[in-house]
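Residue numbers (our numbering), protein chains in the order written: chain A, 156 to 456; chain B, 100 to 380; chain C, 353 to 627.
A virtual CB, placed ideally from N, CA and C, is assigned to each residue, including glycine.
Computed from a predicted model, the values in this text were never measured in an experiment.
Below is one structure, written out as C-alpha cells; the observations come after it.
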Amino acid sequence: MSIQTNSVEIGKSNKRKYLLEKISSKLFLICALLSVISLLLIIGFVFYKGSHPFIVEGYSFIDFIFGTDWVPSEDKFGIFPMIVASILATIGALIIGVPVGLFTAIFLAEIASKRLAKIISPAIQLLAGIPSVLYGVFGLAIIVPFLQNTFGLVKGQSLLAVILVLAIMMLPTIVTVAETAIRAVPNTYREGSLALGVSQIGTIFKVVVPAAKSGIMTAIVLGLGRAIGETMAVILVAGNSLIVPTSLTDSVRPLTTNIALEMGYAAGTHQEMLFATGIVLFSFILILNFVLAKISAKGGN
Amino acid sequence: MSTAVMERSESLVKEENLTVKVQSEMRSKIEKASKIAVKDLNLFYGEKQALYGVSLDIREKEVTALIGPSGCGKSTFLRTLNRMNDLIDGVKITGDIIIDSENIYKNNDVIKLRTKVGMVFQKPNLFPMSIYDNVAYGPRMQGIKNKKELNKIVEESLRGAAIWDEVKDRLKSSALGLSGGQQQRICIARAIAMKPDVILMDEPTSALDPISTLKVEELITNMKKDYTIVIVTHNMQQAARISDKTAFFLNGEVVEFDDTDIIFSTPRDQRTEDYVTGRFG
Amino acid sequence: MRQLKDSVLRGLLWLSVFLSVAVLVMIVGFIFIKGMNLISFEFIFGDYSPTGGGGIWPMIVTTIYTIVISLVIATPIGILAALYLQEYAKQGRLVKVIRFATESLTGIPSIIYGLFGAVFFVTTLKMGMSIIAASLTLTIIVLPVIIRTTEEALKTVPQSYREGSLALGTTKLQTLYKVILPSAMPGILSGIILSIGRIVGESAAIFLTAGTVAALPESLFSSARTLTVHSYLVTQESGDIELAAAVGIVLIVIILGINISATLISKKLNKATNK
Numbered sequence: 156m157s158i159q160t161n162s163v164e165i166g167k168s169n170k171r172k173y174l175l176e177k178i179s180s181k182l183f184l185i186c187a188l189l190s191v192i193s194l195l196l197i198i199g200f201v202f203y204k205g206s207h208p209f210i211v212e213g214y215s216f217i218d219f220i221f222g223t224d225w226v227p228s229e230d231k232f233g234i235f236p237m238i239v240a241s242i243l244a245t246i247g248a249l250i251i252g253v254p255v256g257l258f259t260a261i262f263l264a265e266i267a268s269k270r271l272a273k274i275i276s277p278a279i280q281l282l283a284g285i286p287s288v289l290y291g292v293f294g295l296a297i298i299v300p301f302l303q304n305t306f307g308l309v310k311g312q313s314l315l316a317v318i319l320v321l322a323i324m325m326l327p328t329i330v331t332v333a334e335t336a337i338r339a340v341p342n343t344y345r346e347g348s349l350a351l352g353v354s355q356i357g358t359i360f361k362v363v364v365p366a367a368k369s370g371i372m373t374a375i376v377l378g379l380g381r382a383i384g385e386t387m388a389v390i391l392v393a394g395n396s397l398i399v400p401t402s403l404t405d406s407v408r409p410l411t412t413n414i415a416l417e418m419g420y421a422a423g424t425h426q427e428m429l430f431a432t433g434i435v436l437f438s439f440i441l442i443l444n445f446v447l448a449k450i451s452a453k454g455g456n
Numbered sequence: 100m101s102t103a104v105m106e107r108s109e110s111l112v113k114e115e116n117l118t119v120k121v122q123s124e125m126r127s128k129i130e131k132a133s134k135i136a137v138k139d140l141n142l143f144y145g146e147k148q149a150l151y152g153v154s155l156d157i158r159e160k161e162v163t164a165l166i167g168p169s170g171c172g173k174s175t176f177l178r179t180l181n182r183m184n185d186l187i188d189g190v191k192i193t194g195d196i197i198i199d200s201e202n203i204y205k206n207n208d209v210i211k212l213r214t215k216v217g218m219v220f221q222k223p224n225l226f227p228m229s230i231y232d233n234v235a236y237g238p239r240m241q242g243i244k245n246k247k248e249l250n251k252i253v254e255e256s257l258r259g260a261a262i263w264d265e266v267k268d269r270l271k272s273s274a275l276g277l278s279g280g281q282q283q284r285i286c287i288a289r290a291i292a293m294k295p296d297v298i299l300m301d302e303p304t305s306a307l308d309p310i311s312t313l314k315v316e317e318l319i320t321n322m323k324k325d326y327t328i329v330i331v332t333h334n335m336q337q338a339a340r341i342s343d344k345t346a347f348f349l350n351g352e353v354v355e356f357d358d359t360d361i362i363f364s365t366p367r368d369q370r371t372e373d374y375v376t377g378r379f380g
Numbered sequence: 353m354r355q356l357k358d359s360v361l362r363g364l365l366w367l368s369v370f371l372s373v374a375v376l377v378m379i380v381g382f383i384f385i386k387g388m389n390l391i392s393f394e395f396i397f398g399d400y401s402p403t404g405g406g407g408i409w410p411m412i413v414t415t416i417y418t419i420v421i422s423l424v425i426a427t428p429i430g431i432l433a434a435l436y437l438q439e440y441a442k443q444g445r446l447v448k449v450i451r452f453a454t455e456s457l458t459g460i461p462s463i464i465y466g467l468f469g470a471v472f473f474v475t476t477l478k479m480g481m482s483i484i485a486a487s488l489t490l491t492i493i494v495l496p497v498i499i500r501t502t503e504e505a506l507k508t509v510p511q512s513y514r515e516g517s518l519a520l521g522t523t524k525l526q527t528l529y530k531v532i533l534p535s536a537m538p539g540i541l542s543g544i545i546l547s548i549g550r551i552v553g554e555s556a557a558i559f560l561t562a563g564t565v566a567a568l569p570e571s572l573f574s575s576a577r578t579l580t581v582h583s584y585l586v587t588q589e590s591g592d593i594e595l596a597a598a599v600g601i602v603l604i605v606i607i608l609g610i611n612i613s614a615t616l617i618s619k620k621l622n623k624a625t626n627k
C-alpha cells in the first residue's frame with residue numbers, strides 16, 4: 156500500500172487534493188492541541204509561580220495552609236481563614252441553592268403547564284447569562300442592608316451575604332441543567348408508576364428523580380463550580396476581613412477575593428503567594444472536576 | 100481474469116446433469132467481459148471477521164444482486180467495492196479487488212475510484228440543497244464550473260434517472276421537499292452525474308413504497324445498458340426480477356453465485372434453496 | 353398520611369418556583385429601577401468623566417474590542433479543533449487527552465485565568481495590562497465553549513451526508529466545507545453567541561489583565577475598562593449603585609439581544625436547511 160509505487164496512477168488534480176487533505180488534517184490537529192497546550196501553560200505558570208516560595212524561598216507550606224495571619228508587609232502568609240471562608244460559603248450556598256433549584260427544576264419539568272414552563276424556563280436561562288458582577292451589586296444594595304437591619308449588625312457584609320448571593324447565582328445553572336435531565340427521563344417510567352396507582356408526586360420523587368440522578372448531580376457540581384470560583388460579586392458583599400469566621404454574620408475573605416484584591420499591587424513573594432492561593436483554589440476545582448467525571452462516567456453506564 | 104469462476108464452472112460441468120451443462124454453455128456464449136474481480140477477500144472489524152474468502156466475478160453491464168439474511172456481510176461486501184469501509188475505524192482487509200485491471204486497495208486514489216464506482220444508499224441521502232445543486236455537487240467538486248456544461252450534466256443525469264419530467268420546473272427548490280421515491284431517483288441521478296462505470300446500490304428500495312419501488316426497479320433495468328450494477332437487496336422477488344446474476348451470502352461467505360434464474364430455480368446448495376424458498380432469513 | 357406528604361411536597365415545589373421567579377424579578381427589577389434614571393443618549397455615547405456625570409462609551413468600545421478580538425481568534429481555532437475531534441481523529445488516547453483538557457478548561461474559575469493572563473500575556477510576553485492581553489485570556493476561556501458546541505453541532509449532522517458526499521469521489525475537506533459545516537452552522541453560531549455572552553459577563557479575568565483605565569483605548573495595547581469591570585469599580589470604590597445599575601441595564605440589554613438573536617438565527621437556519 157505504499158504511496159510511492161502507485162503515485163503514477165494518481166491523477167494530477169487528485170494529487171493536489173490529497174496533499175491539501177494531509178495539510179488540513181495536520182492543521183486541525185494543531186488547533187485541537189491548542190487547548191491541551193493552554194491547559195498545560197496555565198497549570199505550568201500558576202504552579203511554577205505558586206510553588207516558588209515553598210521550594211526556593213523556604214516558606215512552609217503547612218504554615219501557608221494552616222496559618223491564620225495574612226500580613227504581607229510582615230512576611231506572614233497564612234490562608235486558613237480564606238480556606239474556611241471559601242468552604243463555608245460554598246456549602247452554605249449549596250444548602251440553600253440546591254433544594255430551591257432542584258425543586259424549581261422538578262416543578263418546571265413535571266408539574267408546570269407547558270405555557271407556564273415556556274415563560275419561566277427561558278427567564279431563568281436569562282438569569283444565568285447576567286454578568287456575575289450585577290449579582291454582587293444587587294447583593295450590596297439589597298441583601299447587605301437587609302441583613303444589617305434584620306440582625307442589627309454594624310456591617311451587613313458577611314458570610315451570610317456571600318452565601319445568599321452565591322445561592323442565587325448558582326440557581327439558574329442548577330435549574331437549567333437539572334430540568335433538562337428530568338425531561339430526558341423516558342415517559343414509560345412515569346406511565347409505569349402511575350399505572351400502579353402511585354400519585355403524581357410519588358412518581359416524581361420515587362421514580363423520575365432517581366432516574367435523573369446523574370444529570371442532577373452534574374447540575375449540582377456545575378453550580379458548585381460557579382460558586383467556588385466566583386470573585387467580583389463576592390468581593391462586594393464579603394467584607395473581606397481576615398478572620399476565621401465563627402458566625403454567619405462575620406465578615407469574610409474567600410480565596411478568590413484575596414487574589415483579586417491584592418493582585419493589583421502585589422510583587423515578589425507576596426505575588427507568588429497569591430499564585431499559591433490560586434493553586435489551592437485550583438485543587439478544589441480539580442477535585443470537583445474529578446467528581447464530575449466520575450458521575451458522568453457512571454451516568455454513561 | 101476470472102480463473103476462479105472458470106474453474107468452478109468447469110467442475111460444475113463435470114458434476115451436474117446435462118441440462119445444466121447446456122445452460123452453462125449457452126451462458127458462456129453471451130457472457131460479458133469481467134468488470135470487477137474479487138479474489139479471496141477477507142474483512143475484519145477489529146478482531147471480528149465479517150467476510151471470509153469472498154471471490155466473485157462481476158461482469159460488465161449486468162445487474163448483480165447480493166442476497167442473504169441480515170448481518171450476512173452483503174452490505175459490508177458492497178462497501179468494499181468503493182472503499183466506503185475506509186470510513187470505519189479498525190477495518191482491515193486482505194485479498195484483492197480488481198476493477199478494470201486496477202487493484203483498488205493497492206492504488207491509493209480513492210477519489211478516482213469513487214468517481215468511477217458510484218453508490219446509492221439504503222435511504223435517500225440528498226443534501227439540504229436544491230435539486231440542481233445536489234445533482235451538480237459531484238461534478239462541481241471535480242472542478243467543473245462552466246454553467247452550460249453543468250446544466251447539460253444535470254439534465255442528462257435527471258433524464259437518465261427518469262425523473263427529469265417530474266422536477267424540471269423546480270430544479271432550484273429544495274430536494275428535501277420531494278417524496279421518498281423521487282429523492283431516491285435524484286440520488287441515482289446524482290450518482291450518474293459522475294459518469295461512473297459501476298453503480299453500487301445498498302437496498303435502494305427498502306425505504307420506499309411499492310409504486311416507487313417499481314419505478315426504481317424499472318429504472319435499474321434500463322440503466323443496465325450503460326452501467327454495471329451491483330445491488331444488495333432483502334427482497335428476493337426484486338433480485339429475481341431485475342438481476343442477471345445473484346450471489347447468496349451467509350455468515351460472511353458466498354454460498355452460491357450463479358445466474359439468477361438458476362439460483363431461484365435449481366440452486367446447488369441446500370442452504371440457498373432454503374433461503375430463496377423462504378425457509379429462513 | 354401519604355396524601356399529607358404529597359401536599360407538603362407539592363407546596364414546597366410551588367414555593368421553590370415562586371422563590372426562583374421572585375429572585376429573578378427582583379434582580380432585574382432592581383437594576384432597571386435603580387439605573388433607569390441615568391440612561392440617556394449622553395450616558396451611552398458620552399465620554400467618561402471621573403468626577404461623575406459622564407458616559408460609558410469607552411467601556412462599550414472596550415467591551416466590543418474584547419469580543420471581536422477573542423472571537424476572531426477563538427472561532428476558527430475552536431471550529432477546526434472540533435472538526436479534528438469529530439471528523440478526523442481516530443478514537444484513542446490522544447482524543448481522550450484533548451477532550452480532558454477541553455473539559456478541564458471549562459471548569460477553571462476565571463480568577464485563575466486572570467492570574468495566568470497576568471503572568472503570561474501581561475508580564476512574560478510583555479503586553480502589559482492591555483486589551484490584547486485580556487482578549488487573549490478570553491480566547492482561552494471561550495475556546496472550550498466553541499469546541500464543545502461545534503462538536504455537538506457536528507454530531508447532529510447525519511452520517512448519511514458524509515457517506516453521500518464521499519461516495520461521489522469528494523475529499524473530506526470538500527465534504528466538510530460544502531455539506532457538513534453548512535448543516536452544522538446553526539449549532540456553531542449558537543456556540544459563538546454563547547461565547548459573546550461569556551465574554552460580556554466576564555470580569556475577574558479582565559480585571560487582572562486589562563486593568564482599569566477609564567478612557568477610550570488608543571490602541572490594543574492600551575489598558576482599558578470593560579462594562580462589567582466598570583460596574584464593579586463604581587460600586588466598590590464609590591458605592592455608586594445607581595451608576596452600576598445603569599451599566600447593568602446596558603449589560604442585560606446586550607445579553608437579551610444576544611439570546612434573542614441566537615434563537616432567531618438558529619430558527620431561521622434550521623428552516624433553511626430542513627425544508
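Item                                                                                                                                                                                          : Value
Count the other CB atoms, across all protein chains shown, that sit within 10 Å of the CB of Gln369 (chain B); report buried if there are 16 or more and exposed otherwise.                   : exposed
Does any residue of chain B bring its CB to less than 8 Å from the CB of Leu436 (chain A)?                                                                                                    : no
Suppose the cutoff is 8 Å on Cβ atoms and the five residues either side in sequence are ignored; what does the same chain contact list for Ala562 (chain C) look like?                        : Thr414, Thr418, Met481, Ser482, Ile483, Ala485, Ala486, Ser575, Ala576, Arg577, Thr578, Val581
Of the choices C:Ser512, C:Ile532, C:Leu518, whose alpha-carbon is the least far from that of Glu503 (chain C)?                                                                               : C:Ile532
From the DSSP output, in three-state form, read off Tyr214 (chain A) for me.                                                                                                                  : coil
Could you tell me whether the stretch 459-476 of chain C touches the stretch 542-558 of chain C, using the rule of 3 or more Cβ pairs below 8 Å?                                              : yes
Just the chain B side, please: which residues come within less than 7 Å of Lys172 (chain A) by C-beta, in chain order?                                                                        : Ile210
Which residues does DSSP list as the beta-bridge partners of Arg158 (chain B)?                                                                                                                : B:Ser133
Determine the burial state of Leu356 (chain C): buried for a count of at least 16 other Cβ atoms within 10 Å of its Cβ, exposed for fewer.                                                    : exposed
Under 8 Å Cβ-Cβ, which residues of chain C neighbour Glu176 (chain A)?                                                                                                                        : Thr523, Lys524, Leu525
Shorter than 8 Å from the beta carbon of Ser168 (chain A) to some beta carbon of chain B?                                                                                                     : yes
Can you tell which of B:Asp296, B:Tyr326, B:Ile262 has its C-alpha closest to the C-alpha of Gln283 (chain B)?                                                                                : B:Ile262
Between Gly189 (chain B) and chain A, is the shortest Cβ-Cβ distance under 8 Å, so that the two count as touching?                                                                            : no
Count the C-beta pairs between the stretch 355-367 of chain A and the stretch 435-455 of chain A that are closer than 8 Å, then say yes if the count reaches three, no if not.                : no
Please decide whether Lys368 (chain A) counts as near chain C, where near means a Cβ-Cβ distance under 8 Å.                                                                                   : no
Going along the stretch 176-203 of chain B in order, which residues come within less than 8 Å of chain A, judged by CB to CB distance?                                                        : Glu201
With a cut-off of 8 Å on the beta carbons, I'd call Phe293 (chain A) and Ile379 (chain C) a contact; round off their distance for me.                                                         : 5 Å
Sort out for me which residues DSSP pairs Val297 (chain B) with in a bridge.                                                                                                                  : B:Val216, B:Thr327
Give me the chain C residues within the contact set of Ala415 (chain A), using Cβ-Cβ distance strictly less than 8 Å, ordered along the chain.                                                : Ile463, Gly466, Ala556, Phe559, Leu560
When the Cα atoms are used, what is the spatial distance from Met183 (chain B) to Arg289 (chain B)?                                                                                           : 17 Å
DSSP on Ile610 (chain C), reduced to helix/strand/coil?                                                                                                                                       : helix
Taking the alpha-carbon positions, what's the Ile197 (chain B) to Ile425 (chain C) distance?                                                                                                  : 48 Å
Establish whether the CB of Lys310 (chain A) and some CB of chain C are separated by less than 8 Å.                                                                                           : no
Excluding sequence positions up to five away, which residues of its chain have a Cβ less than 8 Å from the Cβ of Gln280 (chain A)?                                                            : Pro327, Thr331
Measuring CB to CB, does Ala381 (chain A) end up less than 8 Å from Ala264 (chain A)?                                                                                                         : Looking at the sequence itself, residue 381 (chain A) is Arg, so the reference to Ala does not match. Taking 8 Å as the Cβ cut-off, Arg381 (chain A) and Ala264 (chain A) do not qualify as a contacting pair.
Does the distance from the C-beta atom of Ile318 (chain A) to that of Ile383 (chain A) stay below 8 Å?                                                                                        : no
Establish whether the CB of Gly217 (chain B) and some CB of chain A are separated by less than 8 Å.                                                                                           : no
Assign Gln438 (chain C) to one of two classes, buried (16 or more other C-beta atoms within 10 Å of its C-beta) or exposed (fewer than that).                                                 : buried
Using 8 Å as the threshold, is the stretch 587-600 of chain C in touch with the stretch 516-535 of chain C, meaning 3 or more CB pairs across them?                                           : no
Run through chain B and tell me which residues come within less than 9 Å of Lys620 (chain C), C-beta to C-beta.                                                                               : Simply none; closest approach about 14 Å.
Mind checking whether Lys222 (chain B) and Ala306 (chain B) have CB atoms under 8 Å apart?                                                                                                    : yes
Listed from N- to C-terminal order along the chain, which residues in the stretch 377-403 of chain A have their beta-carbon within a distance smaller than 8 Å of any beta-carbon of chain C? : Gly380, Ile383, Gly384, Glu385, Thr386, Met387, Ile390, Leu391
Give the DSSP-derived three-state secondary structure of Asn389 (chain C) in the structure shown.                                                                                             : helix
Using a Cβ-Cβ cutoff of less than 7 Å, which residues in the same chain neighbour Val392 (chain A) once the five nearest sequence positions on both sides are dropped?                        : Gly291, Gly294, Leu295, Ile298, Val299, Gln312, Ala316, Val317, Val320
Can you tell me whether Arg566 (chain C) is buried or exposed? The criterion is at least 16 other CB atoms within 10 Å of its CB, across all chains shown.                                    : For clarity, residue 566 (chain C) is Ala in the given sequence; the question names Arg instead. Buried: at least 16 other Cβ atoms inside 10 Å.
Looking at the structure shown, is Ser456 (chain C) part of a helix, part of a strand, or coil, going by DSSP?                                                                                : helix
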